[in-house]
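Some notes on the structure that comes next.
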Amino acid sequence: MRFDGKMTRMFPNSSRPTMRDVAHASGVAIKTVSRVMNGEPNVASATAERVLRAADEMGYVMHQQASDLRRRDGGVGAIGLLLSSVGNAFDSRLHRAVERLANDNAMMTLAASTEDDPDVELARLRGFVARRLDGLIVLTVREDHSLLARELERGWPVVFADRPAPDVDCDSVTSDNAGGVRAAVRHVRRYGHTRIAFLSNLQVISTSRERTACFRDATSDLPDCTVTTDLADEAAVIAAIERLMGSGAAPTAILSGRNDITIATVRALQRLGLERSVALVGFDDIPMADLVRPGITVIAQDPDALGELAATRLIARIRGENLRPEQVVVPTRLIVRGSGEITAGRS
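For the sequence shown, the numbering used here assigns the number 37 to the initial residue and increments by one for each residue that follows.
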């Protein structure tokens, strides 16, 4: 593992806007601002909109006391961890690695999931900021990170894990998505495959976009390859595979862009009786991948390393180390188990 990417400036500290500032900007009393920010009733809608607009423009978030999360001896109290889905095996392992490091440093970890919904992410981010946690690790789905950019300018430690945020200068720890996809394409081509289908999830997710783009680039000389995106659930994956396999130029190999898509693909191929005739390589490992037959060949990420490196970086910032933003790229590796070694034309 190595630090990879640009080395850029740190944001300077600046003061946070107060409730008094919002009241002044919106022309109302402080108590009215408090009622609006707390979602209390009996505030005229026009007034509430004016207060919320002023708060948003100033970057104001009403802070809740977090004294119960902080140690009285001066130690760090709590860090936030915003995951994609706590039910995903990748997220679960990353969460465990972060929590292990936090525990070793006398910190509590508060975690939440977005289910890859940008609006949910924004609401969770506002909640984390309001609680004045000591720092935050984010698996982001949003393209606009203006809220976190303001907090970074005020000196709040933030690290992006798995998914970078190109619109802010910030630490990130990500997998080598490009290298992994290229390795998967090379692998199935070695077994004679030229009709390769790539299955990807929501393109609002930066890693999904990157893997999709890398697949297109790696197969630019193969006109019969296909890409299916925005597969949000198992039913969508199964329907896509049934459609592909029923076409006149059905793929002889499938590359899956994410672990849950891989699981759905295995089920679809088994239903169609094609698990031993269509090659499959999944991006990211899945539990029990070695127990099905054939075993599932994968491009494995290292969520333990991603979580550990992100937490280590965050803790260093919380402790006041003067660090410049860095981007860590964690290698992926090909694990051969059988499904990716099916030769083209095998029936």
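C-beta atoms are modelled at their ideal positions from N, C-alpha and C, and glycine is treated no differently.
Taking the Cβ atom as the reference point for each residue, do residue i and residue j lie within a distance shorter than 8 Å?
i	j	result
Q337	T368	yes
V366	A341	yes
L172	L137	no
A276	L235	yes
V372	T333	yes
N141	I351	yes
A254	R218	yes
D320	F126	yes
S121	S149	yes
A114	A347	no
H131	G343	yes
L327	V314	no
T262	L280	yes
L345	V209	yes
T243	R186	no
P330	S375	yes
Can you give the beta carbon distance from residue i to residue j, rounded, assuming they're within the 8 Å contact cut?
i	j	result
D266	Q239	6 Å
A300	V273	4 Å
N213	R247	5 Å
V194	R349	About 10 Å; that fails the 8 Å criterion.
L291	I241	No, L291 and I241 are not in contact; Cβ-Cβ is about 17 Å, not under 8 Å.
A82	S62	About 11 Å separates the two Cβ atoms, so there is no contact after all.
L161	L146	The pair is not a contact, with the Cβ atoms about 13 Å apart (cut-off 8 Å).
L370	I322	Wrong, their Cβ atoms sit about 15 Å apart, outside the cutoff.
I354	R312	So it is not a contact: roughly 52 Å between Cβ atoms.
A80	V69	Rounded, the Cβ-Cβ distance is 13 Å, inconsistent with contact.
P53	Y96	4 Å
R178	E157	5 Å
Determine which residues share a DSSP beta bridge with residue i and list them.
i	result
G318	S292, V334
Q306	Q306 is not bridged to any residue.
L146	G116
Q363	S208
V263	F234
What did DSSP end up calling residue i once you bin it into helix, strand or coil?
i	result
S313	coil
I378	coil
R106	For R106, the predicted structure reports a pLDDT of 44, less than 50, and the residue's modelled location is therefore unreliable. The matter cannot be settled from this model.
I354	helix
I371	strand
G116	strand
S283	coil
D140	helix
R129	helix
D269	coil
G41	Residue confidence for G41 is low, a pLDDT of 35 falling below 50, so the modelled location carries little weight; the figure read from the coordinates is stated next. It is coil, neither helix nor strand.
M324	coil
P154	helix
Q101	Residue confidence for Q101 is low, a pLDDT of 46 falling below 50, so the modelled location carries little weight; the figure read from the coordinates is stated next. Of the three classes helix, strand and coil, the one that applies to Q101 here is coil, per DSSP.
R349	helix
I299	helix
G343	helix
V58	helix
A249	helix
V64	coil
T83	helix
R71	helix
I277	helix
E76	coil
Looking at the ligand ATP, does it come within less than 7 Å of residue i, judged from the CB to the closest heavy atom?
i	result
E179	With respect to the ligand ATP, the structure offers nothing, as it holds no ligand at all.
Note to self: If we require 3 or more residues per run, which beta strand (DSSP E) segments fall completely within the segment 159–184?
What the structure shows: Fully enclosed beta strand (DSSP E) runs of no fewer than 3 residues occupy 172–174 of the segment 159–184, in order along the chain.
Checklist line | Complete runs of the alpha helix (DSSP H) confined to the segment 186–233 [at least 4 residues] | finding: Runs of the alpha helix (DSSP H) inside the segment 186–233: 213–226.
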